[in-house]
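Colleague: In our numbering, the protein residues as written are 828 to 999.
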């Protein structure tokens with residue numbers, strides 16, 4: 828089907844799309860039949876607001892927009908993991924930063940306090956790089972292998988936080 832234009836008609840909480848100059852092609856084994864309608868109503872739970880969210884990259888959307896769109900995809904039986912992945916990544920960003928700060932503090936007060944500044948910076952950069960690589964590997968792996976996007980986002984954070992706490996406790 829193809830329509831020259833569409834207009835959203837609000838009807839209470841829901842609405843529908845009014846399609847204009849709709850051309851439908853029906854493929855059969857022996858021919859292609861074309862039907863033209865001047866106007867057709869399309870009942871779908873897709874508002875202009877949700878449609879505008881679709882045009883924005885998930886990494887650039889707001890947390891509420893990501894959650895709303897992921898819920899919409901789920902209700903329509905579509906794959907919503909990309910939106911949930913971006914949602915959890917944005918939502919847990921402050922916790923990720925906190926975990927890295929805990930790890931950095933463990934370098935100052937932990938077993939590396941006697942090491943030279945250059946060595947501590949080198950170790951911190953290495954761990955930061957490993958953290959970034961873990962995030963970069965876990966996120967697409969969750970999409971590919973179908974495990975929870977929350978698990979993909981929180982695993983590097985928990986490892987980083989756990990390592991920081993371990994290094995701090997090792998001092999005592």
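Positions of the beta carbon are idealized from the N, C-alpha and C atoms, including for glycine.
#1: Is DSSP giving residue 958 helix, strand or coil here?
#2: Do the stretch 868-886 and the stretch 839-848 meet, that is, are 3 or more Cβ pairs less than 8 Å apart?
#3: Look up residue 895 in the DSSP assignment and give the residues it is bridged to.
#4: Taking residue 926 as part of the alpha helix (DSSP H), name the residues at either end of that continuous run.
#5: Using beta-carbon positions only, say whether residue 917 and residue 950 come within less than 7 Å of one another.
#6: How many angstroms separate the CA atom of residue 852 from the CA atom of residue 868?
#7: So, using beta-carbon positions, are residue 976 and residue 962 closer together than 7 Å?
#8: Would you give the residue range spanned by the beta strand (DSSP E) that residue 845 belongs to?
#9: Hey, residue 988 and residue 926 are a contact pair by Cβ (cut 8 Å); roughly how many whole angstroms apart?
#10: Take residue 877 as the anchor and find which of 831, 896, 885 and 973 has the nearest alpha-carbon.
#11: Go ahead and label residue 905 buried or exposed: buried means 16 or more other beta carbons lie within 10 angstroms of its beta carbon, across all protein chains shown.
Modeller: Taking the structure as given:
#1: helix
#2: yes
#3: Paired residues: none, contrary to the question.
#4: 920-936
#5: no
#6: 17 Å
#7: no
#8: 841-854
#9: 4 Å
#10: 896
#11: exposed
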